[in-house]
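Have a look at the structure below before the remarks.
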Amino acid sequence: MIATLKTTLMEILEGSPKHRASRYVELAITVVVLVNCSAVVLDSVPEIHAVYKDFFHELEFWSVMFFTAEYISRVWSLGAKYDHENGGSWKGRLQYIFSPFGLIDFFATMPHYLHVFFPTLDLRILRVLRLLRILKLSRYNTALQDLFLAIHSERKAFGSAVFLLTIATIVSASLMYFAEGHAQPDLFGTIPHSIYWAIVTITSGSGNVVAITKAGEAIALTTGFLGLCMAAIVTGIVASAFTNQVARKKAAFEAQLRTVFSDGYMSEDEQDTLKRLQAHYRLSDMQVEAMMLSVKNKSSAKH
Amino acid sequence: MTSIAHHQSSYRRMKQRAYEIMDGTVPDKYSHRVEISIALLVVANVVAIILESVPQIHDRFTAEFHAFDVFSVMVFSVEFMVRVWSYGEKYLDEKGSQWEGRKEYLFSFYGIVDFVSTVPFYLQLFFPGADLRILRMFRLLRIFKLSRYNSAFDDMVAAIKSEKDSFSSAIFLLFISCLLFSSLIYIIEGHDQPAVFPSIPAAMHWFVITIVAGWGNVDPVTYFGTVLVILTQILSIALAAILTAVVATAYTAQVERRQALYEMEVRAVLADGVVTEEEQAKLKMMQAKLGMSDDQVQAIIHQMEEEKHISDAKKTKAWEEKNTPQLQSQS
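First to last, the protein sequences are chains A and B.
According to our numbering, the first sequence is numbered sequentially starting from 1.
According to our numbering, the second sequence is numbered sequentially starting from 304.
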């Protein structure tokens with residue numbers, strides 16, 4: 001009895017499509033997180049804080065209760081993930097506790113209790129940790145995880161882009177220090193000061209400071225142009241990462257399509273399979289349509 | 304009896320013709336002329352609205368501008384009425400009701416644009432006290448009439464729709480980073496620069512400017528603040544890159560789909576081995592509708608000719624193999 005309850009609870013919390021309740025749980029958590037974040041933002045405005053101080057305090061207390069209940073039920077129910085042969089109930093629990101989402105859940109909730117026991121703690125740190133609650137939402141946005149996977153697969157290219165950025169920053173900052181260090185000692189007096197200027201110029205195209213000397217002007221223009229190149233490089237890398245990811249998914253999907261079309265017609269079962277695969281690979285309708293047409297074209301070319 | 308039937312059919316033919324000309328489904332010179340004259344009038348209208356906002360020009364040509372506006376409103380009203388009237392023809396054969404096609408037009412994007420960009424003028428006639436600035440804003444909507452003749456706008460909407468997952472995750476990323484970064488900068492720099500970061504909403508304003516422009520007009524004072532500002536600036540590049548990449552992927556998918564559609568059509572045309580004039584015209588129309596360049600079309604046709612060549616060669620070879628023994632036995 002308890003074992004089935006545990007399994008059901010785990011499936012609901014993990015968002016299994018088997019239960020309708022999992023959608024409601026997802027919705028409830030999302031709403032509470034959004035309300036919390038709006039509260040943190042609004043609470044920072046002095047006028048609002050003066051009027052609604054008690055309300056925000058109350059809200060924080062009940063949200064912490066809610067998140068604590070969520071955390072405890074997650075830890076408890078995840079004991080059902082592995083049975084005795086596969087490592088027992090604590091394997092699943094420890095896996096969750098030390099996963100990124102488990103750590104977010106913990107640190108977004110527990111500091112409140114610390115505050116209760118150690119009232120002298122710096123409030124600002126508590127506020128930062130409260131903001132971590134927004135990251136709980138990334139559990140429900142799988143597209144975001146896709147994005148990070150795409151970027152992760154191109155990490156070498158990103159590494160070289162960061163290397164280029166570092167070199168460009170240091171070179172233009174040092175040159176600027178030599179060119180303008182005497183003319184504007186309070187702004188370019190040290191290389192770290194110039195580094196800040198260089199990064200602003202690379203990202204925005206024009207810096208926070210106008211150069212005075214002719215050499216400084218030339219360096220500033222070159223740095224701004226370098227920023228344009230950096231933007232182009234990063235855009236290219238991200239675009240190719242996306243394209244590669246889509247190409248991988250499409251290859252897998254197209255193989256399935258080919259087997260479906262090999263006998264010349266599509267049964268309802270096969271249609272269902274394709275629909276599920278499309279959802280799994282998160283391909284857009286347009287991409288699927290293009291692939292279907294091209295597979296049809298190819299098969300008609302063979303006959 | 305016959306005269307009524309004849310009368311009805313000629314009325315219907317006229318309506319059918321009006322629908323074809325207005326909708327541009329069958330490209331001929333009349334629909335092309337109507338298209339060009341509406342487009343020219345819209346451009347002239349937009350230029351007039353822009354020039355009218357310059358006080359010196361407005362004072363000198365007030366009467367001319369007014370006359371031009373009356374003229375355009377008349378033309379656009381006639382256009383709107385003809386469209387509503389003739390679009391009844393669209394589904395007449397299939398569904399039987401005139402209002403099916405009319406309803407579709409009236410509640411489509413273009414129907415609403417046609418209506419909203421014309422009708423406020425009449426409102427002004429009946430209620431002279433209405434705010435002129437709002438009327439002028441509605442007049443500017445006329446520029447959207449042009450998007451009917453250019454698929455770029457539709458393309459963009461379709462691309463965003465098909466990649467809505469990626470767009471939503473990019474926006475989610477923006478949202479999360481906005482919350483985290485503006486709260487952090489408020490906590491770190493709020494004490495040192497109370498004028499700039501008095502609250503998190505104020506810090507959010509700074510964040511959005513930094514993301515869009517690369518620099519938010521504020522220099523940090525503390526060391527943590529400097530690190531945070533630099534991180535935000537790098538994030539601005541990354542977010543721009545992600546959005547660009549998503550749009551690029553969406554466009555590629557769209558182009559692929561169009562090529563496949565066109566290829567299918569060409570295959571159907573080439574299936575019987577002859578290309579009639581009618582089929583050629585159909586292909587031309589399809590190319591125009593899908594917005595494909597001549598280069599793309601050439602590539603597809605070339606590829607198909609190659610394929611045909613190969614399969615022909617195979618067929619000849621198979622035929623020869625099948626028939627050689629017979630030939631030998633005959634000799």
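Where is the CB? At the ideal position from N, CA and C, for every residue including glycine.
Predicted model, so just to flag it, every value in this text is computed and none were measured.
Relative to residue 532 (chain B), the option among B:315, B:544, B:492 whose CA is nearest is B:492. Straight across, the Cα-Cα distance linking residue 130 (chain A) with residue 71 (chain A) is about 15 Å. Only exposed fits residue 218 (chain A), as fewer than 16 other CB atoms lie within 10 angstroms of its CB. Counting along the chain, residue 423 (chain B) sits inside the alpha helix (DSSP H) bounded by residues 423-429. Residue nearest to residue 459 (chain B) within the set B:557, B:572, B:336 is B:557 (criterion: CA-CA distance).
Under the criterion of beta carbons closer than 8 Å, residue 6 (chain A) and residue 92 (chain A) do not qualify as touching, at roughly 10 Å. Straight through space, the alpha carbons of residue 245 (chain A) and residue 158 (chain A) are spaced by roughly 16 Å. Just so you know, the alpha carbons of residue 22 (chain A) and residue 8 (chain A) end up roughly 10 Å apart. For the region 559-579 of chain B, the set of residues with a beta-carbon nearer than 7 Å to any beta-carbon of chain A comprises 559, 560, 563, 564, 566, 567, 570, in chain order. Of the candidates B:551, B:508, B:345, B:524, B:524 places its Cα closest to the Cα of residue 496 (chain B). For residue 540 (chain B), the enclosing alpha helix (DSSP H) starts and ends at 526-573. Cα atoms of residue 356 (chain B) and residue 416 (chain B): separation of roughly 22 Å, rounded to the nearest angstrom. Setting aside the 5 residues that flank it on each side, residue 223 (chain A) is surrounded in the same chain by 172, 198, 201, 202, each with a C-beta closer than 7 Å to its C-beta; the list follows chain order. In this model, residue 183 (chain A) and residue 195 (chain A) are separated by some 17 Å (Cα to Cα). For the pair residue 604 (chain B) and residue 572 (chain B), the Cα-to-Cα distance works out to about 11 Å. For residue 242 (chain A) against residue 548 (chain B), the beta-carbon gap comes to about 5 Å, under 8 Å, which counts as contact.
DSSP places residue 377 (chain B) in the uninterrupted alpha helix (DSSP H) bounded by 365-389. Chain B has a Cβ within less than 8 Å of the Cβ of residue 242 (chain A). Around residue 622 (chain B), no beta-carbon contact reaches into chain A at under 8 Å, the shortest distance being about 17 Å. In the three-state scheme derived from DSSP, where H, G and I count as helix and E and B as strand, residue 212 (chain A) is classed as coil.
When DSSP states are grouped into helix, strand and coil, residue 156 (chain A) belongs to the helix group.
Listed in chain order, the non-local C-beta contacts of residue 445 (chain B) below 6 Å within the same chain comprise 345, 348, 420, local neighbours out to five positions each way being set aside. Residues of chain B with a Cβ closer than 8 Å to the Cβ of residue 46 (chain A) are, in chain order, 501, 502.
For the pair of segments examined, the region 83-102 of chain A was found not to touch the region 50-69 of chain A: the number of CB pairs separated by less than 8 Å stays below three.
Along the region 269-288 of chain A, the positions whose C-beta sits under 8 Å from a C-beta of chain B are 282, 284, 285, 286, 287, read in chain order.
Comparing C-alpha distances from residue 528 (chain B) to each of B:506, B:544, B:512 shows the shortest one belongs to B:506. A straight line joining the alpha-carbon of residue 553 (chain B) with that of residue 545 (chain B) spans about 12 Å. At least one C-beta of chain A is nearer than 8 Å to the C-beta of residue 466 (chain B).
With a threshold of 8 Å between beta carbons, residue 525 (chain B) makes no contact with chain A.
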